[in-house]
Each structure stands twice: as structure tokens, then as C-alpha cells.
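Scroll down for the structure; my scribbles are underneath it.
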Amino acid sequence: METEETGGIAVPLPASPVIEAMRTSPSEIEGPLTPLPALTIIEPNSFSQPSLGLLEELGQIEKPDAQLVDEPYGQQFQNPVMREALKALIDNSISVVEYGNQVLFRYGYGEVLILVEWVVPDEQLLFASQVLLENNYARLLIPVQKWPGYSAYPGPWETQSLMHDLDGQGWTRAHLLPLSLVGFTLDETVEVPSTFAHELHLLTPKPSHYISSLIRHLLQLSIGDSNRARVEKNLGGFISAYVLKNGPANTIICTYLKDPESDEDYQKRVEEGVRFMKTWDWGKIEKRYLAIAERAVRDCRYIDTLTDVHEEQDTH
Numbered sequence: 001m002e003t004e005e006t007g008g009i010a011v012p013l014p015a016s017p018v019i020e021a022m023r024t025s026p027s028e029i030e031g032p033l034t035p036l037p038a039l040t041i042i043e044p045n046s047f048s049q050p051s052l053g054l055l056e057e058l059g060q061i062e063k064p065d066a067q068l069v070d071e072p073y074g075q076q077f078q079n080p081v082m083r084e085a086l087k088a089l090i091d092n093s094i095s096v097v098e099y100g101n102q103v104l105f106r107y108g109y110g111e112v113l114i115l116v117e118w119v120v121p122d123e124q125l126l127f128a129s130q131v132l133l134e135n136n137y138a139r140l141l142i143p144v145q146k147w148p149g150y151s152a153y154p155g156p157w158e159t160q161s162l163m164h165d166l167d168g169q170g171w172t173r174a175h176l177l178p179l180s181l182v183g184f185t186l187d188e189t190v191e192v193p194s195t196f197a198h199e200l201h202l203l204t205p206k207p208s209h210y211i212s213s214l215i216r217h218l219l220q221l222s223i224g225d226s227n228r229a230r231v232e233k234n235l236g237g238f239i240s241a242y243v244l245k246n247g248p249a250n251t252i253i254c255t256y257l258k259d260p261e262s263d264e265d266y267q268k269r270v271e272e273g274v275r276f277m278k279t280w281d282w283g284k285i286e287k288r289y290l291a292i293a294e295r296a297v298r299d300c301r302y303i304d305t306l307t308d309v310h311e312e313q314d315t316h
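Numbers 1 to 316, taken from UniProt numbering, label the letters of the sequence shown in order.
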């Protein structure tokens, strides 16, 4: 819990009080700074080709210099303030791991970035929030109603994160998530250029750990929970773009209408996707998650049923 005294900032966002930025030195913030580890470089994915760095990690191609790319990749469309916010975190030696829409874009699922999710080590969470405060990105407290552009009511995932208003209107926001919440470690990530600012490098989770993180999150939500929609979309988008190698999200329907895929060809692609997924380094991840992921690849409707939360039935 933060203990510093705060003052209000007028932000036109209902039921979302904010916290005034207070100049604080790193030594006054709990937790040591953890510099970004020197890890393998993975270039951002384009809409038309797989991520070369990830293929290299899986031993599918040889690439003499992972940092050199002849053709520049497209950048994810976003509000320019996101670049400045990310730069402020990196300049303060905060380890930042991309999550959500940034990961989907990297694997070929194109979306405009409105809400950015950044995972940081637990011991750096308060410091990361303070850095954003000092750069005039106000803190947002958990609202009692829905926010613009965000369909779900706050749940455990939201209440454990620290949220900041990046555009002064509460529309473009950064959610800082503690690393312990997502279920992987910094050792289970690789260094990559940002999807929206290639000159800035951050971390991205390895495929096996990202899909396991999404499954774990989904299992913690009951059927009918409004927060499931975001997680189901991220999981389904990841499977579609990276495992099944579908085209860009905005071309799938047009491609199907022009050249419909037979059931036989689709099932062949599913089996190839399952084999591809099994080549990932699953390490110490519970075997249960690979089994769930495989079943979800074979039948996307299974995603809608994933939960470990079962409401007590009324026996009266």
C-alpha cells in the first residue's frame, strides 16, 4: 500500500480520483532496482511474416545476427504518450515486460494500442508508478463503474495493478502489473524492440509462458465474469496468429471468402500447430497447461469453458 500524502488532479473520468505526482528519489521507494537483463533480441513481427527471433529460439532457422533486420517492420499504432511513458520507465532501469495487445501485435494480430499493460518486478512496482507520476501521468484509482474503452468491471487482476492516465482523459491508460501476478519470471522472457517504438527495448514472455499465463488467469475467473472477455480474446488471438499461423486479424474473413479453406486443410493446420506448440520450451510449467492449450487449439470453444471457479449450488 502506498502511504505518501496525495492531492487530487481534475481528470474528466467518473469515479476515478487521481494522485498528484510527488518528486521522490529512487532511494525513497521500496525495492532495489533491477536492470534489464542482456537477453536474446527478437525483432517485432510484421503482419505478413513470423517473428524471426522466436523461430531462431526454436531452432527452426539460423540467423547470424539477431539484431540486424534488412526490412523495417511496421509499428503498432498508438498515442505518442505511450512511447514517452515507456522511455521514462526504461531510463530509470525498470524491467518492463509487455503483455496483452503488444504481444498479440508481435505475433501478427494487428490492433490499435489503447490500453497498454506492462509487467514489472514486484519490488519495482511502486517505483515504476512514482516515475509515471513524476512525468505527469496521474494515478487512477479503481472505479465503481466501467471505464470508456474497457468493457469489464474491476476484478482481482485490476485491483492488484497500478493504473495511470496517459492522455489526461482516462482513455489511453497504462496498467502496471506485478510480475508475481502473471506467473512467470524475468528469466522466462526475451529482450525485444517495442512494438510501437523500435528504438526502445523491453521484454516479452516466451510463448509457452505467455499462453500458460493467460490460461492461468482464465482459470481464476468464473464463467460469466465480465473480465473473461479480454483474456479469452488474448488467448484466442494468440492461438490464431502464432499457433495456427492465420493471416492478419483484419484479413481473415476476406481471405476465407476469396479462397475458403476445406475442413481437411484446416485440420491439417491444427495438427501442425499442435506439433509446433510442443516444440516450445515448457520447462517447469505444469503439464496441465500444455494439455489445456492443445485442446484449445483443436477446439476454440473450449476456451469459453475454462475455469477452476465453480459457484456453490443452492441445495435447498
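Note that CB positions come from ideal geometry on N, CA and C, so glycine has one too. All values derive from a computational prediction rather than experimental measurement.
Excluding the 5 residues flanking residue i on each side, which residues of the same chain have their C-beta closer than 8 Å to its C-beta?
i	result
L218	R228, V231, E232, L235, I303, L306, T307
T185	L179
R23	Here R23 scores only 41 on pLDDT, less than 50, and its place in the model should not be relied on; the value that follows carries that caveat. Same-chain partners within the cutoff: E134.
Quick one: Cα of residue i to Cα of residue j, how far?
i	j	result
A88	L132	7 Å
M82	D265	41 Å
D122	S226	26 Å
L181	E158	11 Å
E98	W118	5 Å
T204	V243	17 Å
L125	M163	11 Å
D167	F105	22 Å
R298	K287	17 Å
D187	Q169	36 Å
S212	A293	8 Å
C300	E134	44 Å
Mind checking which residues open and close the alpha helix (DSSP H) that includes residue i?
i	result
Y173	Residue 173 is actually Arg in this sequence, not Tyr. R173 -> not in any alpha helix (DSSP H); beta strand (DSSP E) instead, spanning 173-178.
Y99	It is not in any alpha helix (DSSP H) - Y99 instead sits in the beta strand (DSSP E) that spans 97-99.
L162	First-last for L162: 162-165, but that is the beta strand (DSSP E), not the alpha helix (DSSP H).
E261	Neither: E261 is in no alpha helix (DSSP H) and is coded neither H nor E.
L86	81-91
E191	From DSSP, E191 is part of no alpha helix (DSSP H) but of the beta strand (DSSP E) over 189-193.
P156	156-159
L306	Note, L306: premise wrong, no alpha helix (DSSP H); not H, not E.
Over what stretch of residues does the beta strand (DSSP E) that includes residue i continue unbroken?
i	result
V112	Looking at the DSSP string, V112 is not in any beta strand (DSSP E), and its letter there is neither H nor E.
L202	201-205
Go through its chain and collect everything with a Cβ distance to residue i's Cβ below 6 Å, but skip five positions before and after it.
i	result
N101	E111, L113
A241	Y107, G108, Y109
Q76	F105, L113, T195, F196
### Task
For the region 227-241 and the region 165-178, state whether three or more C-beta atom pairs, one from each stretch, are separated by less than 8 Å.
no
### Message
Below 8 Å, how does it come out for the region 281-288 and the region 197-208: are there three or more Cβ pairs, yes or no?
### Response
yes
#### Entry: Length-filtered (4 minimum) alpha helix (DSSP H) runs lying within the region 210-254
228-238
### Task
Could you tell me which uninterrupted alpha helix (DSSP H) segments, each at least 4 residues in length, are contained entirely in the region 271-301, listed from first to last along the chain?
287-298
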